[in-house]
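Per the working numbering, numbering through the sequence shown is continuous, rising by one, with the last residue being 854.
Glycine residues also receive a C-beta, built at the ideal position from the N, C-alpha and C atoms.
Some notes on the structure that comes next.
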Amino acid sequence: MGLLEVTGEHLTITPRGKAAHFEAECAVLAERLVEVSVFAGELQRRTPSLDAELHALRQLAEGAWSATEAAAYVDRRAKEH
């Protein structure tokens, strides 16, 4: 598959191998962010008092907002109440 290269007694990961490793790592991290988003949604349903905070967390986990945007949203909502 071209992921590893054997030279004598040495084993080296190829650029293709590195790419496959990082692609797999990104898939695991993406799945984790989906889990965070789903969990934040469940908490939001159970704890309406944290609606703004959990909405911001979901937006952040889904990549819709940056951490700065999420914090600004929470601050705006806090000032409204």
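A distance below 7 Å between beta-carbons, with the five flanking residues on each side excluded, links Ala840 to the following residues of its chain, in chain order: Leu833. When the Cα atoms are used, Gly814 and Thr787 turn out to be separated by approximately 41 Å. Distances from the alpha-carbon of Ala793 to those of Leu776, Ala829 and Ala803 put Leu776 closest. Along the stretch 777-802, the beta strand (DSSP E) occurs as fully enclosed runs of 3 or more residues at 777-780 and 783-786, listed in sequence order. Residue state for Ala851 is assigned as helix, using DSSP reduced to three classes. The three-state reading of DSSP puts Ala843 in helix, counting H, G and I together. DSSP, read as helix, strand or coil, puts Ala837 in coil.
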